[in-house]
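In the numbering used here, the protein residues as written are 1141 to 1683. Positions of the beta carbon are idealized from the N, C-alpha and C atoms, including for glycine. Single-structure report; data block below.
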DNA sequence: GCCGTTTTCGGCCCGACTGTTTTCAGTCG
């Protein structure tokens, strides 16, 4: 059975081929459907099985039919026909930076060039010289793109946890070293998408040139791709593209809204503006020539008659209708988190380490910390905390510490005696948990499940059935926002790692929180936003 | 090809930047 990602790839392939044919709106329609298919929380076949394809945003009669064919046969005849008409090498040309569908089409129809190799030969033979629209710089640019092609990662998206420290360091550098008033990150990073294609940075400044100078001198910057009066684009050492824009203060909110997206969210907002006789763009909300909002994002939404929407929820546009109807969830916020169920400590952690983590928790208003004491790497089953470590935990006055142990369904029957609760994780068997463990101590958390919402499904269901939370966050061992949404949909509860005790730029806490928010989790659905069960009443830490 | 809280037809964003240009086309986001 094909995966959702494979189905989305097929739709994108159709979109790219239609681009070459010069179609105006169909390519975007296919791409929108592809985005929707990709973010489904259940297999496409299951959606199709209950007749739900047409409910997928962007999927209408024609695309639903193609998806049905794909599920049944693994092929889409329409795509096969397109492939038969259009040389596939043209797609490779189109994907080279600086080349698009128009140019690829011209190469094909005017010069008979059907792929990168032929284009290289044509340039070497001087066949592009004198062709209208191809001056020396353009030819050189194409030659460079062809040379870089084998290593180019166009369209590559970076995991947000990889981008997070880079993004923070850019902001810190611009705040500290450049003549800026406001500095904000926008784009899919601000929406806390799981992956980020490029990073958008917005600043206000009356000295754009100096801001660009500071920015492009950062050690992580690999090359400057372009620089104009208001915008500079660079590529970082790891290949991440970063766009820096300087905007005037009166337009800052509009620009932040516009560049945060998503695309579909903005399309919906523009429709609302048009219907209200307004115009919205990155410079503001306009009635005729007059700008009626733009300085803050709140003004922009208010002027549109739409409640402000948290960035993490700005996706397919339906959130706007939900917000207007008052049914948009109020997502969990950092201030809601009063505990953390899942820290790890080495068995030889000392008093200074405990005190440092406790102080960080105290500063952030986190009163209860559940810790797992890690045993030797090959130990079978949960480790016990050494007496000295237990003394440190008991003596720390800033935080209430709780001992937990990780267990698999195989080992859950033999937990150590001194733990307060268990953290269940998949065992060696890759398949679904076959037993609901008996519980000498309660299982409060299911963790290390992984981001694939389909593989995670049995664990989501298990967590729900034993009234345990399931952990959300970045990386290969946690649910992402799609998985978290699936968990919430079946009535489950999330646990959101806080990153307490970790370095300042560590992505775990902020990204985990962002994923929970994207999933639409309210504080009521987050276990560590609630008082610790059976917790002793204690003085609340100050914030 | 999709969509609709004025629409089942007629829209679907548009500005910055680059390279090529005598005023604009293509790409990108």
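As a beta-bridge residue in DSSP terms, residue 1420 pairs with 1425. Where residue 1196 is concerned, there is no enclosing alpha helix (DSSP H), because DSSP gives it neither an H nor an E. Taking residue 1665 as the centre and dropping the five residues before and after it, the same chain places the C-beta of 1628, 1633, 1634 closer than 7 Å to its C-beta, in chain order.
Exclusion of the five residues before and after residue 1307 leaves 1325, 1329, 1339 as the residues of its chain whose Cβ lies within less than 7 Å of its Cβ. Taken in chain order, the complete beta strand (DSSP E) segments of 3 residues or longer contained in the segment 1345-1425 are 1361-1367, 1371-1376, 1381-1387, 1419-1421.
Pairing residue 1321 with residue 1344 gives a Cβ-Cβ distance under 8 Å. Residue 1497 sits in a helix when the DSSP states are folded into three classes.
Across the structure, residue 1404 and residue 1305 are spaced so that their CA atoms are roughly 28 Å apart. A contact between stretches requires three or more CB pairs, one per stretch, nearer than 8 Å, and the segment 1357-1376 fails this requirement with the segment 1474-1494. Here residue 1249 is exposed, its C-beta having fewer than 16 other C-beta atoms within 10 Å. By the criterion of a C-beta distance shorter than 6 Å, residue 1513 is surrounded in its chain by 1485, 1487, 1523, 1525, once the five residues flanking it on both sides are discounted. Membership of residue 1175 in the alpha helix (DSSP H) is indicated by the continuous run 1166-1178. Within 10 angstroms of the beta-carbon of residue 1228 lie fewer than 16 other beta-carbons, which makes it exposed. By the C-beta density criterion, residue 1630 is exposed, having fewer than 16 other C-beta atoms within 10 angstroms. The Cβ atoms of residue 1365 and residue 1374 lie closer than 8 Å to each other.
Counting only runs that start and end inside the segment 1215-1240, there is no beta strand (DSSP E) element of at least 3 residues. Look at residue 1480 here: in three-state DSSP terms it is strand. The alpha-carbon separation between residue 1397 and residue 1215 amounts to approximately 40 Å. Here residue 1508 is buried: its Cβ has 16 or more other Cβ atoms, across all protein chains shown, within 10 Å. Annotation: residue 1635 is outside any alpha helix (DSSP H); the continuous beta strand (DSSP E) that includes it extends over 1633-1635. Residue 1561 has 1544 as its beta-bridge partners, per DSSP. Within the segment 1436-1489, the complete beta strand (DSSP E) segments at least 3 residues long are 1479-1485, listed from N- to C-terminus. With contacts defined as CB atoms closer than 8 Å, residue 1500 and residue 1637 fail to qualify as a contacting pair. Remark: C-beta atoms of residue 1527 and residue 1495 do not approach each other more closely than 8 Å. Under a 10 Å Cβ-count criterion, residue 1141 is classified as exposed, with fewer than 16 other Cβ atoms of the shown protein chains found around its own Cβ. Only residues of its own chain outside the window of five on either side were considered, and among them 1482, 1546, 1563, 1564, 1565, 1610, 1611, 1617, 1618, 1635 have a CB closer than 8 Å to the CB of residue 1587, listed in chain order. For residue 1466, the closest of 1498, 1445, 1258, 1263 by C-alpha to C-alpha distance is 1445. DSSP, reduced to helix, strand and coil, places residue 1433 within a strand of the structure shown. Taking 8 Å as the cut-off, the beta carbon of residue 1425 is found no closer than this to the beta carbon of residue 1417. Remark: C-beta atoms of residue 1147 and residue 1184 approach each other more closely than 8 Å. When secondary structure is reduced to three states using DSSP, residue 1526 falls in the coil class, being assigned neither helix nor strand. For residue 1586, the uninterrupted beta strand (DSSP E) run begins and ends at 1583-1586, by DSSP.
Looking only at 1181, 1478, 1278, the smallest Cα-Cα distance to residue 1622 is reached by 1181. Annotation for residue 1381: 1338, 1375 place their beta carbon closer than 6 Å to its own, counting only its chain and skipping 5 residues before and after. Between residue 1402 and residue 1452 a beta carbon distance of about 11 Å is seen, past the 8 Å cut, so the two are scored as non-contacting. For residue 1298, the three-state secondary structure derived from DSSP is strand.
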